[in-house]
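Chemist: Numbering (my numbering), first residue to last: 12 to 210.
#1: Residues in its own chain within less than 7 Å of residue 179 by CB, not counting five upstream and five downstream?
#2: Where DSSP assigns a beta bridge to residue 22, which residues make up the other side?
#3: Could you check how far apart the C-beta atoms of residue 86 and residue 35 are, in whole angstroms? I think they sit under 8 Å.
#4: Going by CA-CA distance only, name the one from 83, 52, 76 and 69 that's closest to residue 63.
#5: Please report the distance separating the alpha-carbon of residue 14 from that of residue 191.
#6: I'd like the span of the beta strand (DSSP E) that includes residue 42, first residue to last.
#7: Near residue 105, what residues of its chain come up, given a Cβ to Cβ distance below 6 Å and the 5 sequence neighbours on each side ignored?
#8: On a CA-only basis, which of 107, 20 and 33 is nearest residue 203? Give me that one, please.
#9: Evaluate contact between the region 142 to 159 and the region 182 to 201, counting only Cβ atoms and requiring at least three cross-stretch pairs below 8 Å.
#10: Out of 193, 175, 201 and 167, state which residue places its alpha-carbon closest to the alpha-carbon of residue 23.
#11: Please report how far the alpha carbon of residue 187 lies from the alpha carbon of residue 193, in whole angstroms.
#12: For residue 68, which residues in the same chain have their Cβ closer than 7 Å to its Cβ, ignoring the five residues on either side in sequence?
#13: From 56, 40 and 44, pick the residue whose C-alpha is nearest to that of residue 18; which is it?
#14: Reducing DSSP to helix, strand and coil, say where residue 74 ends up.
#15: Is it right to say residue 113 is buried, meaning 16 or more other beta carbons lie within 10 angstroms of its own, or is it exposed?
#16: Would residue 40 be called buried (16 or more neighbouring beta carbons within 10 Å of its own) or exposed?
#17: Quick check on residue 160: buried or exposed, where buried means 16 or more other Cβ atoms within 10 Å of its Cβ?
Shown next as structure tokens:
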């Protein structure tokens, strides 16, 4: 398998962490690329031109990050990162969806900040920022409700918080959130997180 990724993409990092936690690296080649440069090799696999994209050995391409993460999870041994059924499954999926939506808002803020200042929308940035802050207030509760110590929900939340550190330090997300900060410090020490750290 071949995974196309950008080192700074939180979406790609989530999949890279999943691959490591599931013991799949012997069967996976990681190919770094910059989607902003419109690489033909990436676009041939994902017509959207986005990372991550996973090329299987049979030539099938899988995208985007939630689909890739679920596919990779299915290749590893039990227990899975995504429970098969019941309330545990949906607790994991909802926590992952919360982190995904917050990541979307954070990435939009990043891209907006790269536009000429006269073309930026302070109103849009304020909405995205507010959605991240609301999510942060709920995140600890979601993490505490997850089954076990390692699920896709944990990984998605960890990658989102890592991206906030990378691009949006001004948010000071740790301020007033001691429990979340302590959880992230422990989770971020996992080998899979250290190996995929974009810093």
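We put the beta carbon where it would ideally sit given N, CA and C, even for glycine.
Modeler: Put simply:
#1: Excluding five sequence positions before and after residue 179, the CB atoms of its chain that fall closer than 7 Å to its own CB belong to 117 and 120, given in chain order.
#2: According to DSSP, which records beta bridges pairwise, residue 22 is partnered with nothing at all.
#3: 6 Å
#4: The shortest Cα separation from residue 63 among 83, 52, 76 and 69 belongs to 76.
#5: Those two C-alpha atoms are separated by around 30 Å.
#6: 40 to 43
#7: So the list is empty, once near-sequence residues are dropped.
#8: The candidate whose alpha carbon is nearest that of residue 203 is 33.
#9: yes
#10: 167
#11: 12 Å
#12: Contacts found: 12.
#13: 44
#14: coil
#15: Its Cβ being crowded by 16 or more others within 10 Å, residue 113 is buried.
#16: Classification for residue 40: exposed.
#17: exposed
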